[in-house]
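Which chain is which? The protein sequence lines are L and X, in order.
Everything in the first sequence is counted per the numbering used here, starting at 1 for the first residue and increasing by one.
Everything in the second sequence is counted per the numbering used here, starting at 1001 for the first residue and increasing by one.
Note that CB positions come from ideal geometry on N, CA and C, so glycine has one too.
All figures in this text were calculated on a predicted structure; none of them were measured in a lab.
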Amino acid sequence: PWRKLLWIKQDYPDDHVDDTFLDELQKNVNVRAYDYWTVVMESTVISQHISSIVIFIAVFIDLFWGRLSAQNLIISGTVLTIIGYIFWDKSISKTDPAYEYKRWKTAKGAVLFFVTLLGLSPILKTLTKDTSSDTIWALTVILFLANMLFHDYGSENRTNIKFPGSLSTNAAIFASVLLASRLEVNSHVFGLMLFAVEWFALFPIFRRYTKSLSAKFNVALTCILFILATTLFLYISNVIAIIYVLGIIFITFACPYWLIWIQKYKNEIHGPWDEARPKLQPPNE
Amino acid sequence: MVSDFFYPNMGGVEGHLYQLSLMLTQRGHKVIIITHSYGNRTGVRYLTNGLKVYYVPHMVIYSEATLPTIYGFFPIFRNIVLRERINIVHGHQAFSSLCHEAILHARTMGMRVCFTDHSLFGFADASSILMNKVLKFTLSDIDHVICVSNTSKENTVLRAALTPQMVSVIPNAVVASQFKPDPSAQDKNFITIVVASRLVYRKGMDLLVAVIPRICKAEPKVRFIIGGDGPKRIDLEQMREKNLLHDRVEFLGPVMHHEVHSVLTKGHIFLNTSLTEAFCIGMVEAACCGLLVVSTKVGGVPEVLPRHMIIFSKPEEEDLVNAVLKAIKMIRLKEAVPTKFHDEIKEMYSWSNVAERTEKVYDKIWKLKTPPLMERLRRYYGCGIWAGKIFCIVMAVDYLFWRFLEWLFPTDEIDIAPAFPYQKYRKVINNMTVEMIFFFNS
């Protein structure tokens, strides 16, 4: 019988096609069937992030037009952050007993940061005095897009990411600096910057944590953010609010259905010709 | 024979082209090679046995592959093919754009075409998808395909959607006389493990970096010789620094083709850690020199050597370490006698056998009829929803261009090149050799 070897002289002609041809072909091994509601639940991460960007823009516009006072913003932002921190602390100390001493360090760091930002706000206010507003708006849009695209939406699989999560956070902070420099009063600049740091750096950690904690809380958070964003924008522009609502509905309900529908066109081929993935043991030291 | 890759570039494809052409010339066929110019080397050159090589001036874009202009190559190709009175065009290597263009033009001119593929491709990443589409285009209208291993045949059939009956499996070979074992070159005190390959990710350099310190720690009387160069050399040197293995690991840098034999004979074991390999001629050369081979079981590797010459392992660090330690033990206990391998390999792989099988392929395609234009258009049309139409347009323009060239440079105005008188040449050389032996003996 024909053997799949090259070093023996067989009686079969060179173009012989054996019955075992393409035996080792594996089709669609890695494809799994998605459940609609699971995908919808997973998509809440994306809608939460988009809502948070929209809320931030709404806050900026309100500050810019003087509808929101800086003190309200600072106080509410700080209070919410402290509540969130206490919540996080209680849960972390259950799992990690060595967390106790870090509290003092965190408090020190927070106060230091607060004071530094307070000192830097006059500089930030005049940062883009020579740049026209149009450039600022355009740059901000691009940066928020970058933030949205490169944000770390996954929760477990951190090793596959080619660009670091810091890219999105940096883009967001840069955008908020640009926006803050358009404001007139020092306290406004400080308020927006403080809010920006809390919103773009600390809030994603909180969101990621609640997602892993409980599904119901996650859905509740998504709904709260959605309602907040819609109401804030209704006072600014009806059109944007409607586009936003439609967009969120599309992402949450239509996109999962689309994804599941096109799975049937998936044609994945694996076989002995694939480049092997070397399995290395993790280094000991 | 058409390919981008030929002498003075050194490699598997180049060696294959050269040896096959020599053997075919010896069997009485007329072979010419068309490739692109290498630096100042343009025009017509003659190599051993009167092998005529046309170095066509063409722009090189990356790693000796030329810029695909599709129609730019046609006039000079037509001229060469007509003056040499070529019947069959044989293209090599999917990466070579010269090969794809030559096949298209040869088909337009009504000649027989054949293609040989030397590497394996995946299906998932962007470059593979593009490459496979181009291959599908070229192989829609071809007479026969040759692959170097059965795994390569399966891979090519899937990539280009061919009927498997159109693909032959003809393996590569080695020139056994160039790779004779030399026990005197081996070190008596140490067991030497030789690694000779391009130092790139594809050749499993990460595995090598992980495996060398562990083996050196487990076996004190083992040393490594690493020949070749590439981007991963830095990782290997870092590994050497970190583990203080300066006396155990030696780097030779890029090794010239004629030096490979001397490097191989220094060793007892040949280690190949590739992640994917269609045929791996390096292993056969090593076994021919009398080394025991340890290799990862990927691609076409399981088909190449018999069980007593090679030890397989999975592409995993743990398994590879075990395989190498087993090989070392076998060498120490003299369970394997690698010096006998040379005679066995001489029987298994020889270029004359490859040439004979290739000749059979040529005979087969010579009997086929060239399909009419409508049939060709139909074949190209089936390549895909958008691609089929684009390919048809490309092919139609090619046909019109050919008609135009036929009018501008008529066939009867092209001089026929005199063929190299191979038989007379051989007779003269033989007579000269006989005379010289006579002269020195008397």
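Extent of the continuous beta strand (DSSP E) run through residue i
i       : result
L:I240  : Run containing L:I240: none in the beta strand (DSSP E); it sits in the alpha helix (DSSP H), N238 to I249.
X:T1192 : I1191 to A1196
X:I1144 : As written in the sequence, residue 1144 of chain X is His, which differs from the Ile given in the question. Taken as a continuous stretch (DSSP letters only), the beta strand (DSSP E) holding X:H1144 covers H1144 to C1147.
L:L280  : Looking at the DSSP string, L:L280 is not in any beta strand (DSSP E), and its letter there is neither H nor E.
X:R1112 : R1112 to D1117
X:L1292 : L1292 to T1296
X:I1226 : V1222 to G1227
X:H1090 : I1088 to H1092
X:V1041 : The amino acid at residue 1041 of chain X is misidentified as Val; the sequence shows Arg. Neither: X:R1041 is in no beta strand (DSSP E) and is coded neither H nor E.
X:I1311 : I1310 to S1313
X:Y1054 : L1051 to V1056
X:F1251 : V1249 to G1253
X:I1269 : I1269 to N1272
First and last residue of the uninterrupted alpha helix (DSSP H) at residue i
i       : result
X:H1036 : Counting along the chain, X:H1036 falls outside any alpha helix (DSSP H), though it belongs to the beta strand (DSSP E) covering I1032 to H1036.
X:I1076 : F1074 to R1083
X:R1426 : Y1422 to N1441
X:E1064 : No alpha helix (DSSP H) contains X:E1064, which DSSP labels as neither H nor E.
L:K216  : A215 to L234
X:I1215 : M1205 to A1218
L:S295  : The requested residue 295 of chain L does not occur in the structure, where chain L is confined to residues 1 to 285.
Amino acids of chain X, ordered along the chain, whose beta-carbon sits closer than 7 Å to that of residue i
i      : result
L:I269 : F1123 and L1158
L:L5   : E1303
L:W48  : One point to set straight first is that residue 48 of chain L is Gln, not Trp, in the sequence displayed. Chain X residues near L:Q48: none, gap ~31 Å exceeds 7 Å.
8 Å Cβ shell around residue i - same chain, five flanking residues per side excluded
i       : result
X:W1366 : N1087, I1088 and R1112
X:Y1425 : N1049 and G1050
L:P278  : none
L:V219  : M41 and T44
X:R1078 : H1105, M1109, W1402, L1405 and F1409
X:I1146 : C1114, F1115, T1116, D1117, V1167, S1168, V1169, I1170, T1358 and V1361
X:Q1186 : T1192, T1265, K1266, G1267 and H1268
X:L1377 : C1392, M1395 and A1396
Contact set between residue i and chain L, taken where Cβ atoms lie within less than 9 Å
i       : result
X:V1298 : P272, W273, D274, E275 and A276
X:I1129 : By Cβ distance, chain L contributes nothing, its closest Cβ being about 12 Å from X:I1129, past 9 Å.
X:R1202 : E275
X:T1276 : W273, D274, E275 and A276
Assigned exposure category for residue i - 16 Cβ within 10 Å defines buried
i       : result
X:D1004 : buried
L:A276  : buried
X:N1431 : exposed
X:D1303 : Here the sequence assigns Glu to residue 1303 of chain X, which means Asp is not the residue at that position. Flag for X:E1303 reads buried.
L:N157  : For L:N157, the predicted model reports a pLDDT of 47, less than 50, meaning its position is unreliable; a value from the coordinates is still stated below. Its Cβ having fewer than 16 others within 10 Å, L:N157 is exposed.
X:V1249 : buried
X:M1059 : exposed
Within chain X, partners of residue i - CB distance below 9 Å
i      : result
L:F114 : Simply none; closest approach about 44 Å.
L:L63  : Result: empty, since nearest Cβ-Cβ is about 45 Å, beyond 9 Å.
Sequence-distant residues of its chain with Cβ nearer than 7 Å to residue i (five each side left out)
i       : result
X:I990  : As displayed, chain X neither begins before 1001 nor continues past 1442, which places residue 990 of chain X out of reach and without an answer.
L:A241  : T230, F233 and L234
X:I1076 : V1056
X:I1080 : I1034 and Y1054
X:H1261 : Q1178, F1179 and C1289
X:K1030 : A1419
L:I269  : L25 and K27
L:K162  : Bear in mind that the predicted position of L:K162 carries a pLDDT of just 49, short of 50, making it unreliable; the figure below should be weighed with that in mind. Around L:K162: no qualifying Cβ.
X:T1444 : Residue coverage of chain X in this structure runs from 1001 to 1442, which leaves residue 1444 of chain X outside it and unanswerable.
Chain-ordered neighbours of residue i on chain L, where CB pairs are closer than 7 Å
i       : result
X:P1254 : Within chain L, no residue comes near X:P1254; the closest Cβ sits about 24 Å away, beyond 7 Å.
X:D1229 : Correct list: empty, because the minimum Cβ distance to chain L is about 21 Å.
Neighbourhood of residue i by C-beta distance below 6 Å, restricted to the same chain and skipping five residues each side
i      : result
L:F144 : I53 and A175
L:T159 : Confidence is the limiting factor: at L:T159 the pLDDT is only 43, short of 50, which leaves the residue's position unreliable, though a coordinate-based value still follows. Same-chain partners within the cutoff: there are none.
L:A146 : A171
X:N993 : Because chain X in this structure spans residues 1001 to 1442, residue 993 of chain X falls outside the shown range and cannot be described.
Chain-ordered neighbours of residue i on chain C, where CB pairs are closer than 9 Å
i     : result
L:Q10 : The chain labelled as chain C is not found among the protein chains of the depicted structure, namely L and X.
Neighbouring residues, chain L, relative to residue i (Cβ below 8 Å)
i       : result
X:Q1165 : D15 and V17
X:I1170 : D14
X:E1285 : By Cβ distance, chain L contributes nothing, its closest Cβ being about 14 Å from X:E1285, past 8 Å.
X:R1357 : D14
Listed by chain order, chain X residues near residue i by CB distance under 8 Å
i      : result
L:Q281 : A1210, E1317 and E1318
Check: Any residues in the region 1316 to 1349 of chain X with a beta carbon nearer than 8 Å to a beta carbon of chain L? Which ones, in chain order?
Finding: Answer set for the region 1316 to 1349 of chain X: E1316, E1317, E1318, M1348 and Y1349.
Any residues in the region 12 to 23 of chain L with a beta carbon nearer than 7 Å to a beta carbon of chain X? Which ones, in chain order? For the region 12 to 23 of chain L, which is checked against every Cβ of chain X, the residues closer than 7 Å are D14, D15, V17, F21 and L22.
Query - Positions along the region 1205 to 1237 of chain X whose CB lies within less than 8 Å of some CB in chain L - result: Of all residues in the region 1205 to 1237 of chain X, D1206, L1207 and A1210 have a Cβ within less than 8 Å of some Cβ in chain L.
| query | Of the residues that make up the region 1359 to 1390 of chain X, which ones have a beta carbon closer than 9 Å to any beta carbon in chain L? | reply | Listed in sequence order: K1360, V1361 and K1364.
| Residues in the region 1133 to 1153 of chain X having any Cβ partner in chain L nearer than 7 Å | Within the region 1133 to 1153 of chain X, those residues whose Cβ lies closer than 7 Å to any Cβ of chain L are, in chain order, S1149, N1150 and T1151.
Please identify, using Cβ separations under 7 Å, the residues of the region 1093 to 1113 of chain X that lie next to chain L, in order along the chain. Listed in sequence order: no entries.
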